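Student: What follows is a structure written as structure tokens; I'll ask about it next.
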Amino acid sequence: MAPRGGRSVSTQVVRNRMKSVKNIQKITKAMKMVAASKLRSAQQRVENSRGLWQPFTALLGDTPRIDVKKNVIVAVTSDKGLCGSIHSASVNVSKALYKLISGSERETKYVILGEKGKVQMVSDSKDDIAMTITELQLQKTPINFTQISELADIILKNVEFDAIRIVFNKFRHVVIHWPTVATILSPEVVERESEAGGMLGDLDSYEIEGGETKSEVLQNLVEFQFACVLFKAMLENACSELGARMSAMDNSSRNAGKMLHRLTLTHNRTRQASITTELIEIISGASALTG
Amino acid sequence: MASAAAGAVAGAAAPFWRAAGMTYITYSNICASLLRSCLKEPYKADAASREKVHFAISKWAQGKPEKPVIRSDTPEE
Chain A
1 MAPRGGRSVS TQVVRNRMKS VKNIQKITKA MKMVAASKLR SAQQRVENSR
51 GLWQPFTALL GDTPRIDVKK NVIVAVTSDK GLCGSIHSAS VNVSKALYKL
101 ISGSERETKY VILGEKGKVQ MVSDSKDDIA MTITELQLQK TPINFTQISE
151 LADIILKNVE FDAIRIVFNK FRHVVIHWPT VATILSPEVV ERESEAGGML
201 GDLDSYEIEG GETKSEVLQN LVEFQFACVL FKAMLENACS ELGARMSAMD
251 NSSRNAGKML HRLTLTHNRT RQASITTELI EIISGASALT G
Chain B
1 MASAAAGAVA GAAAPFWRAA GMTYITYSNI CASLLRSCLK EPYKADAASR
51 EKVHFAISKW AQGKPEKPVI RSDTPEE
């Protein structure tokens, strides 16, 4: 390895390396613990939010096959990294969806939540971004419905759409996250599809109480549905992010441990080699004097 | 805007909040925060903490972002 006659690498260098790898291992272990503890409460929130969006799916359906002119793809990511492939998954699915639903007379725009998603999208899809939203999940303001509904309001008011597709990572299990698409239709499209033969044919079987017309009720419902489904998407994505961070940090600590092991062996070899070299010098010096 | 047309042309008079330009989400949030302010302490403080909002939004035009607008309830430090 070393050139003939040269000294091997000094033990100081290897020892410094070992110290920094050990620190990294401690940090990643701590991050894993933190993510694990947060995961518990995040999962609880996801379970509790089911009552909010499930009735909407039962009433208005989730129809990803719908073919409309104006689409808005909302990609849910976050601002923090070190969580495996969560953000790339959302972004790649968004880009694939874009290709899938584009065509002549079709207009598709992106709304990106989260710094990480923005960074990945800017590289090649700049012209299709309608707006980006960052600084979402600081320590002080965890995801709550008020915040999400303000976001939903802004999106509704600023971007024209016939269908919104929310791309997020659904939390199945600590190590399993499925990129999912939730589809929300605008009130006109819902009305069109709920006429006979469309995809939502059952809507007319409901009676409408009160003095509002069907299209008004539909409009209110659709707006609220968007807020609820966005809420669910963000909660699930947060859960997935914590789970992915747990497993990423776990892998990282394990790799750091392996690296530490290899470095220890190198260190010992280097140490022994330098001792042997010294001994040889001393002995040959001594034999040169006596002989 | 697509949704504004549907609200006005419905036939029946649009509710006052729709005519003022609010969406249903804004309306229900205002009602919710009114309800939260009816609570007694300590539940009131707990509920108020669930209402905090903070994000930075930036609209894009032709591939360029505009200056981000920060919408926040927490005081900047």
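These protein sequence lines map, in sequence, to chains A and B. Quick note: the first sequence uses full-length UniProt numbering, first residue 1, plus one each step. Quick note: the second sequence uses full-length UniProt numbering, first residue 1, plus one each step. For glycine and all other residues, C-beta sits at the position ideal for the given N, C-alpha and C. Just so we're clear, the structure is a prediction, and the values are computed from it rather than from any experiment.
Using a Cβ cut-off of 8 Å, pull out every chain B residue sitting near Q147 of chain A, in sequence order please.
Tutor: Within 8 Å Cβ-Cβ: K52, V53, H54 and F55.
Student: Residues in the same chain with beta-carbon distance under 6 Å from A152 of chain A, minus the five sequence neighbours each way, listed in chain order, please.
Tutor: Answer for A152 of chain A: F226, A227 and L230, listed in chain order.
Student: Classify T11 of chain A as helix, strand or coil using the three-state DSSP reduction.
Tutor: It is helical.
Student: Check whether the stretch 176 to 192 of chain A and the stretch 252 to 262 of chain A touch, using three or more Cβ-Cβ pairs below 8 Å as the test.
Tutor: At 8 Å Cβ cutoff, the stretches do not touch.
Student: For a quick check, are the C-beta atoms of A286 of chain A and G84 of chain A less than 9 Å apart?
Tutor: Cβ distance not < 9 Å, so A286 of chain A and G84 of chain A don't count as in contact.
Student: State whether the stretch 78 to 98 of chain A contacts the stretch 51 to 60 of chain A, with contact taken as three or more CB pairs (one from each stretch) at a distance under 8 Å.
Tutor: In short, these stretches do not touch, since the Cβ pair count stays below three.
Student: Could one say the Cβ of A14 of chain B lies closer than 9 Å to chain A's Cβ atoms, at least one of them?
Tutor: Yes, because at least one Cβ of chain A sits closer than 9 Å to the Cβ of A14 of chain B.
Student: Could one say the Cβ of Y24 of chain B lies closer than 9 Å to chain C's Cβ atoms, at least one of them?
Tutor: The chain inventory of the structure shown lacks chain C, comprising the protein chains A and B.
Student: I'd like to confirm the pairing. Which residues does DSSP put opposite residue 292 of chain A in its beta bridges?
Tutor: Not covered by the structure: residue 292 of chain A. The range shown for chain A is 1 to 291.
Student: Give the residues of chain B in contact with M131 of chain A, contact being defined as C-beta atoms less than 8 Å apart.
Tutor: Per Cβ cutoff of 8 Å: I57, S58, K59 and W60.
Student: Below 8 Å, is the gap between the Cβ of A130 of chain A and the nearest heavy atom of the ligand NAP?
Tutor: You won't find the ligand NAP in this model; it holds no ligand whatsoever.
Student: Going by DSSP, which residues form a beta bridge with L113 of chain A?
Tutor: A:V76 and A:I133.
Student: Hey, how far is the Cα of T183 of chain A from the Cα of K26 of chain A?
Tutor: Cα to Cα, the separation comes out at about 42 Å.
Student: Assuming the contact rule is C-beta atoms closer than 8 Å, N237 of chain A and N169 of chain A should be a hit. Round their C-beta distance to whole Å, please.
Tutor: Confirmed, Cβ separation roughly 5 Å.
Student: At a Cβ threshold of 9 Å, is P65 of chain B touching chain A?
Tutor: With 9 Å as the cut-off, P65 of chain B counts as an interface residue toward chain A.
Student: Can you tell me which of A:Y98, A:G103, A:I133 and A:F145 puts its alpha carbon nearest to the alpha carbon of D124 of chain A?
Tutor: Residue A:Y98 is the option with its Cα nearest to D124 of chain A.
Student: Would you mind stating whether R50 of chain B and F145 of chain A have Cβ atoms separated by less than 9 Å?
Tutor: It is a contact, given that the beta carbons lie within the stated cut-off.
Student: Is the separation between the beta-carbon of E113 of chain A and that of V74 of chain A shorter than 9 Å?
Tutor: Note that residue 113 of chain A is Leu in the sequence shown here, rather than Glu. A contact, by the Cβ cut-off of 9 Å.
Student: Give me, in chain order, the residues of the same chain whose beta-carbon lies closer than 8 Å to that of residue 97 of chain B; leave out the 5 immediate sequence neighbours on both sides.
Tutor: The first residue shown for chain B is 1 and the last is 77, placing residue 97 of chain B beyond what the model contains.
Student: What residues of chain A sit near S37 of chain B, judged by a beta carbon separation below 8 Å?
Tutor: The contacting residues do not exist; S37 of chain B stays about 13 Å from chain A at best.
Student: If you count every other CB in all the chains shown that lies within 10 Å of the CB of K67 of chain B, and 16 or more means buried, which is it?
Tutor: Per the 10 Å Cβ criterion, exposed.
Student: Please say whether V14 of chain A and H261 of chain A have beta carbons closer to each other than 9 Å?
Tutor: Cβ distance not < 9 Å, so H261 of chain A and V14 of chain A don't count as in contact.
Student: Considering only residues of the stretch 19 to 88 of chain A, which uninterrupted alpha helix (DSSP H) runs meet the minimum length of 4 residues and lie entirely inside it, listed in chain order?
Tutor: For the stretch 19 to 88 of chain A, whole alpha helix (DSSP H) runs of length 4 or above, ordered along the chain, are 50 to 60.
Student: Does I25 of chain B pass the burial test, meaning 16 or more other C-beta atoms within 10 Å, or should it be called exposed?
Tutor: Buried: at least 16 other Cβ atoms inside 10 Å.
Student: Rounded to whole angstroms, what is the Cα-Cα separation between A20 of chain B and I30 of chain B?
Tutor: Their backbone Cα atoms lie some 14 Å apart in a straight line.
Student: At a CB distance below 7 Å, what residues from the stretch 65 to 98 of chain A approach chain B? Give them in sequence order.
Tutor: Listed in sequence order: no entries.
Student: Looking only at C-alpha atoms, which of A:I129, A:L156 and A:A42 sits nearest to P142 of chain A?
Tutor: Comparing Cα-Cα distances from P142 of chain A to each of A:I129, A:L156 and A:A42, the minimum goes to A:A42.
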